[in-house]
Each structure stands twice: as structure tokens, then as C-alpha cells.
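Beneath this line is the structure, given in C-alpha cells, with notes to follow.
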Amino acid sequence: MAAFANLTDRINHVFAKLKNRGALTELEIKQAMREVRVALLEADVNFAVAKDFINKVTDLAVGEEILKSLTPGQQVIKIVHEQLIELLGSTQSKLGVSPKLPTVIMMCGLQGAGKTTMCGKLAYYLQKHGKKVLLCADDIYRPAAIKQLEIVAGKAKAGFFEMGQGNPTKIAQNAVAHAEKNGFDTVVIDTAGRLHINAELMEELKSIKKAVNVFETLLVVDSMTGQDAVNVAKTFDEELDITGVIMTKLDGDTRGGATLSIKAVTGKPIKFVGTGEKMEDIEPFHPDRMASRILGMGDVLTLIEKAQTAIDEEQANNLARKLRESSFDLNDYLEQFEQIAKMGDLNDIVGMIPGASRLKLGDKKVDEAQIKRNKAIIQSMTKEERTNPKILNYSRRKRIAKGCGLQVQDVNRLIKQYEQTCEMMKRMTKQKRLPF
Amino acid sequence: MGFFQKIIDGLKKTREKISFKLSQLFKRGIFDEDFYDELEFILLSADIGEETTEEIIERLRERMGKDRTADPQKANKYLREVLADILGDEKFAFSTPCVILVAGVNGVGKTTTVGKLANIFTKQGKSVVIAAADTFRAAAGEQLEIWANRAKVRIIKHEEGSDPAAVVFDAISSAKSRGTDVVLVDTAGRLHNKKNLMEELKKINRVIEREFPQADRKNLIVLDATTGQNAIQQVDIFNEAIDIDGIVLTKLDGTAKGGVVLAIKHDMDIPVYFVGVGEGIDDLMEFDAASYVEGII
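Chains C and R are the protein sequences, given in the same order. Here the numbering used here is used: the first residue of the first sequence is 1, the next is one more, and so on. Here the numbering used here is used: the first residue of the second sequence is 1001, the next is one more, and so on.
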């Protein structure tokens, strides 16, 4: 299924070939760039943007500098990577605070981009950073949109303001007045989703923007958007002069080429990304991470951050000490399983590991049920057995199997795994430092 | 307003530009490499994707033969035929009782589609019950209830957060006891790479299979026309989970053309049955390949 190979795999493939060469010719770079172009198109990067990008990188890559270099392949990767970062926005952009409170943020975008959910997430995020947020229900058209925002506001523990299906401009004005009176320093306005060709609704947004002195106009875009992303972003930017972009649904397996296109045509910063269904699934946009992800270096930084928040530092230090002293027992093994479980959906995490894309893994998905079973086996052991696994003879194993409702073979398998882990860890600690 | 007119209206903005380009392109009456390059550009901009675009151009080249100065009108007709040929013209048909499961990723317009489908079937004189099996998204049930009222059909709804399979079970029981013709199941939006959510969908599918084996079954996936090549993965993985019969392509009244459905039909032989062209309850229509092709080029 060549058509489904993702951008990461594609570029990896291209550069795997490049890596093996000593020196690059102009022709070789052009060939590699042709594949990069195809990959970018399959990733939904707008064709005009892709073309520009390729030209720029080719110009940079073909030349003395690269030919003199010792590892031209690496140099090309570096140039592509740097250019991607530059295109995506070199620095991380934060939300501004209005000199005159409350700061009014207007969310706009197409239907189904995820505006209402993102309003909640943004409120949650801002409140976590010390703001007091009022959510204003200004989508008066979609059935139950007001109700949805109310529920979302409840989950984010933010204030909520609605006036039913009145005039959207008036609703926004009243919301801001309400915020002033009740000590909210930030107002997030959820507007109706629209197809940008709808001039009437676009006028409505302009009217709201003018009436309440909107400080940030954020365009919410589905990261799965195709070639049309350029038209969407351009139109909204022309009509409303947006101040930033939020990409949603980045937890899918989309290659997110739309992100590149939007940045290229509007020049406006991507500020946040939505990465899941829960309120806390919002992250500031990191152009370097996005570029790395595109280039197949995996989303290693995010993975490491996730691991850091999930794994207690003290526990990690304890583990390191135990590794050194070779006293890693089944209690520690159980703790490991628990920490892995805390990191969230394992298959999501596997997706962040470079080279471990869904297609490569195929059926070898991480089996969370297996981890649960392993935990159950250890939990069925006595304290003595856990600290001193050597005493686990057949009758003990039979008892454990009964206790956790599994077969003796399962218990045997776990103990074998444990022994292998110990062996591996011993080898690792003999090296100068852990690979992580 | 007919399907043709709606699409033409919807696509007006970009269509004017593109069809101008395209008619200029054909008017030249020279079918050389420049022509094919420009054509590739136009097809790619409709989200048809690299591989299928190449296939289309290959087929067109074949039909044109070696003639580089063919009649522009004939060439134009050939292109339309190549595209329509890939799309096919399979119509949506079912026998009653029938359970229609509507699935898809978040925000593509599933709930709206269910409402509009209910309206279509009611107008065909069929009795319909809606199962509000999106128990996850905040206020999804309320949204669907409003649609059910508009279409004047019954709706089975549980509390937010309850088991969607249980909602389906109740809807089927209700349909059985009342002899309802069509059970329309709205499901929660789920990204296809979320394993647990896909398992939940499989469970819903199994419940239908088990509880209503005598009913005809149709599983539809809703795709947003603005979606790019990721739509291929969406259909692929949903199809793997619950055997997709056909596609509902929504939001065609925007500037996006949803050309990725050509790639999907070509690769997986899954047809488009309906297209959504507006926000009104009557703005869901049966797919017609010729009109669609008219709209995208």
C-alpha cells in the first residue's frame, strides 16, 4: 500500500538511500526532492506550497557547501528540517494579554473543526495558568451548540454565558460586560461554524470583532484538512485578520500537511494543537517537534515529556539505584507496569516512537490486556515471593496461576520475561550510561 | 434546486477559477506535456491525490491516443468519462427492515447526516427510528433530538456517558416490536487510530448482528469533503473494523471538492451514496457521478 506510507516513512526512505552515499550530485538531490514533493502532496501540503518548499530546499542543497561536506545526506536532512521549522514558525508563539481587561479571544473556523471543544480546552489551559475565563456561547445556529459549550465549560470549570439564540453581536457585548462585572479577565467567544463562502456569517464575525474589541482572533483548523486548507486560511485571514491558528485532531494519524500550508499562506503563528478528547489535551505548538515528526525523528520530545510527568522522579532514582545494586525484584517489576499504564494509551505512545508507525507494527500492537494480566500475576504472589523470585517452584506457580485466574504457562512466561529484563538491565548498567 | 445546481453553486468560487483554467487548457487544442502538467495541477488541487491523479492522466492519454491536436470538446468529454468511470454509479438500495450504522471521525457531520437520512427515508414512506448512540460528545443527544423532531421520527436516547451498545439494543427492540422499517444509528466521532474506540464500534456492530439478524445491514462512513488524503486511512480502518458499504460525502457546499473519494473508489471499491450540500434538512442528495464530475472540474 504505497499510497498510505506516511510522510515520515517516505522521507526516511528517501534519505536512507542518501545516507549511504559519500557525495551527492545535483541530479541525486533533485531525485530525492521529487520524492519529497510526492510525500508532501500525500501529506496534504498544498501543491503550490510544496513546490515552493522543494525549490527552496533544492537551491540550498545543491551547491558547494553540501558537496564539500563529509556527510551530504545528513546535511540535506538538516536543511530540509531547518526549512520545515522555518516554514512552520521559528519560535513558539503565546497568547497575548490585552492592556484593557478582559482579554477577548474569538474562536472561528469551519464546521466540525472542533471549535466548541477547543474553547473548553483553551479555557482549561488558561485557568491552569492563572486566568479566570468566561466562555461565551455565540454559535446560535447549530442545534445544541449552546448546551455543548455549557457542558464543556463545566468540565473546564470556567464561567459560562449565554443568551439563547439572540443577536450574536449583542450576546458578545453582554458577555464582555458580564465578565467585567464578575471579575473574569478573559472571555473566549465560541462562534458558529461556517463554510467560508458564506458571506453573511462572515459579516456576523466581523461585527462581533468590531463590537467587543477582540484581542485574539484564532482560527481553528482540522489537521486532516486537504488542499482546501489554503483557501480556508486565506479567506478567514483576509476577512478577519486572524492573529493565530489552532490545529485540532493531531492525535489522529494525519500527516498534518495542512499546518505547513496554513503557515505558508497566512504567515500567522500556529499557537496550539489539540491532541485528544479530554480537556487537558491541548499543547502549545512546537514547530521543531512538528518538523521532527514530519522528518521521521518521531515525536520524541513529547514522548519524553509524557514519561516525565507520569514517572515519579524519586521512583526513577530508586529504580536506578536498584539497577546498580542488582536488587531489581518483582515488586519493582510491578511498579514498572503501573508506571507504563499511567502514561496513557500505549498505542498512542508507540506512535510517537521514531520508526514505529502503525503500518510497520501491523498486528504487533501493544497489548494492554497483557500488561493487566502481568500485573495480576505479580499481585497474586506473596511478599516473600516478590522480593525473592528464586523460590518460585512449581507448586507456588500453580497456586499463583489459580489466584489470578490464569494458566501456569502464563506465570512461567512472566517470570521468564522478568529474568530477561534483569539480564538486559545488568548489561545496560555495565555501559557508561543508560540509553535514554 | 437539483443536485447539479447545488454543487455548481456551492463550488462557484473556486469552480469559476478552475473551470476557466480548464476550459482555457482544453481550448488550446494542443494535448502536449504542458497540458498534462497543468491537468495534474488541477486534479491535485481537488484532493484526488498523487497516485489516482497519475492513473487518471494515464487513462486519458490512452483514450487520446497519439493525437496531440484532438477536438477540445472530445478531449473534455473523455476526461469526464474517465472520472465518472472511476466513480461508478451504484445507487443506495436496501430491503426492510434495515439497520443503517453511521460512523466516522469527529466533526464530519454524522449527526446532521443521520437527521437528513431520516428525512429522506420518511419521505419515501418508510418508518424510521433513530438510535442516539453518540453518548460521548457533550449535547450530541440534544442535537440529534432536534433533527429527529424536524424529520418527525422517533428517537431512542440514553444519558450522556452510557453504553452506546445498550442504546442500539433498545432501538432494535423498539423497531422489532413496532415493525419499524429503518433503524438509523448515530455513533460518536472517533479517530480511526484509537483502538479502544474502534473496539467499541465493533461491539455496536456485533450487537446489531446478534439482535437483529433478519434485518438488512448497511454501514456508512461519513467523510468531510475538506479532508485530504487522510480520508483514505479513515475508510481503510473503519472498513477493516465494520465492513463499510458506502460513503456519505458532506460539506460539498464549501470550496473543497472531496476528490479523495476517487482515490477511495479506485483503491477500495467503496462507492459514494450520498452527498451533503447544505445546512437544511433537504440538503442531502443521492450521489450522481456525472454531476459530481461536473462540479469538480
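The beta carbon of each residue, even a glycine, is placed where N, CA and C say it ideally should be. Treat the numbers as computed from the prediction; the structure is a model and nothing was measured.
Discussion item. Output needed for Thr1122(R): all residues of its chain with C-beta closer than 7 Å, excluding positions within five of it in sequence on either side, in chain order.
Written reply: Here Thr1122(R) has Val1128, Ala1151, Lys1152 and Val1153 as same chain residues with Cβ atoms under 7 Å from its own Cβ, once five neighbours each way along the sequence are excluded.
Fill in: Contacts around Lys949(R), its chain only, beta-carbon distance under 8 Å, and the 5 residues preceding and following it disregarded
Because residue 949(R) is not part of the residues shown, which for chain R are 1001 to 1297, the question remains open.
Fill in: Contacts around Asp44(C), its chain only, beta-carbon distance under 6 Å, and the 5 residues preceding and following it disregarded
The answer, listed in chain order, is Gly226, Gly257 and Ala258.
Fill in: Chain-ordered residues of the stretch 1029-1042 of chain R with a beta carbon less than 7 Å from chain C
Interface annotation for the stretch 1029-1042 of chain R against chain C: Phe1041, criterion Cβ-Cβ distance under 7 Å.
Discussion item. Just to confirm, is the Cβ distance from Met224(C) to Thr254(C) under 8 Å?
Written reply: Against a cut-off of 8 Å, the Cβ pair of Thr254(C) and Met224(C) comes out as a contact.
Worksheet entry | Rounded Cβ spacing between Ala1075(R) and Phe1041(R) (contact assumed at less than 8 Å) | With a Cβ gap of about 17 Å, Ala1075(R) and Phe1041(R) do not count as contacting.
Practice prompt. Say whether chain C places a C-beta atom closer than 8 Å to the C-beta of Asp1089(R).
Written response: Residue-level contact check: Asp1089(R) does not touch chain C, since none of the beta carbons of chain C fall below 8 Å from its beta carbon.
Discussion item. Suppose the cutoff is 8 Å on Cβ atoms and the five residues either side in sequence are ignored; what does the same chain contact list for Ile282(C) look like?
Written reply: Exclusion of the five residues before and after Ile282(C) leaves Met118, Lys121, Leu122, Tyr124, Tyr125, Phe272, Val273, Gly274 and Thr275 as the residues of its chain whose Cβ lies within less than 8 Å of its Cβ.
Worksheet item: How should Ile29(C) be labelled, buried or exposed, when 16 other C-beta atoms within 10 angstroms of its C-beta is the threshold for buried?
Response: For Ile29(C), the number of other beta carbons within 10 angstroms of its own is at least 16, and it is reported as buried.
Fill in: Residues of the stretch 1221-1234 of chain R with Cβ closer than 9 Å to any Cβ of chain C, in chain order
Flagged, chain order: Asp1224, Ala1225, Thr1226, Thr1227, Gly1228, Gln1229, Asn1230, Ala1231, Ile1232, Gln1233 and Gln1234.
Item to complete: With DSSP as the reference, label Leu301(C) as helix, strand or coil.
Response: Annotation note: pLDDT 44 at Leu301(C) (below 50); position unreliable, coordinate value reported separately. DSSP places Leu301(C) within a helical segment (H, G or I) once states are collapsed to three.
Fill in: For Gln165(C), three-class secondary structure by DSSP
Judged by DSSP in its simplified three-state form, Gln165(C) adopts strand.
Worksheet item: Taking one C-beta from the stretch 41-56 of chain C and one from the stretch 1032-1051 of chain R each time, how about it: are there three or more such pairs within less than 8 Å?
Response: These segments touch.
Worksheet item: Taking buried to mean at least 16 other C-beta atoms within 10 Å of its own C-beta, is Gly114(C) buried or exposed?
Response: So Gly114(C) ends up on the buried side.
Worksheet entry | Rounded straight-line distance, which links the Cα of Ala1138(R) to that of Ala1118(R) | Their backbone Cα atoms lie some 22 Å apart in a straight line.
Worksheet item: For Val245(C), which of helix, strand or coil comes out of DSSP?
Response: Here Val245(C) sits in strand by DSSP.
Item to complete: Enumerate, from N- to C-terminal direction, the unbroken beta strand (DSSP E) stretches of 3 or more residues contained entirely within the stretch 94-118 of chain C.
Response: Correct list: 103-109.
Worksheet item: Are there 16 or more other CB atoms within 10 angstroms of the CB of Met1268(R), so buried, or fewer, so exposed?
Response: Taking all protein chains shown into account, Met1268(R) has fewer than 16 neighbouring C-beta atoms within 10 Å of its C-beta and is therefore exposed.
Discussion item. Using a Cβ-Cβ distance cut-off of 8 Å, determine whether Ser1045(R) contacts chain C.
Written reply: Taking Cβ atoms only, chain C reaches closer than 8 Å to Ser1045(R), which makes this a yes.
Worksheet item: Do you know offhand how far Asp190(C)'s Cα is from Ile1056(R)'s?
Response: If you draw a straight line from the Cα of Asp190(C) to the Cα of Ile1056(R), it comes to about 42 Å.
Item to complete: With DSSP as the reference, label Thr1250(R) as helix, strand or coil.
Response: Thr1250(R): strand per DSSP, three-state reduction.
Fill in: Neighbouring residues, chain R, relative to Val38(C) (Cβ below 7 Å)
In chain order: Glu1050.
Worksheet item: Is the distance from the Cβ of Phe1092(R) to the Cβ of Asp1216(R) below 8 Å?
Response: Not closer than 8 Å, so no.
Worksheet item: Since Asp190(C) sits in a beta bridge, which residues does DSSP pair it with?
Response: BP columns for Asp190(C) point to Met107(C) and Ala137(C).
Fill in: 8 Å CB neighbourhood of Lys209(C) in its chain, flanking five on each side removed
Answer for Lys209(C): Met106, Thr217 and Leu240, listed in chain order.
Discussion item. Please report whether the beta-carbon of Asn1193(R) lies at a distance below 8 Å from any beta-carbon of chain C.
Written reply: For Asn1193(R), the answer is yes, since a Cβ of chain C falls inside 8 Å of its Cβ.
Item to complete: Quick one: measure Cβ to Cβ for Val1275(R) and Leu1252(R), integer angstroms, because I've assumed they're closer than 8 Å.
Response: Contact holds; Cβ gap of about 5 Å.
Discussion item. Is it the case that the stretch 82-91 of chain C contacts the stretch 158-176 of chain C, given that we only count it when at least three CB pairs across the two stretches are under 8 Å?
Written reply: As far as the Cβ criterion goes, the stretch 158-176 of chain C does not touch the stretch 82-91 of chain C, which means the pair count is below three.
Worksheet item: So what's Ile1030(R) in DSSP terms, helix, strand or just coil?
Response: In this structure, DSSP gives Ile1030(R) a state outside helix and strand, which the three-state scheme calls coil.
Worksheet item: Taking only beta-carbon atoms, is Tyr1251(R) less than 8 Å away from chain C?
Response: Correcting the residue identity first, residue 1251(R) is Lys in this sequence and not Tyr. Yes, its Cβ sits closer than 8 Å to a Cβ of chain C.
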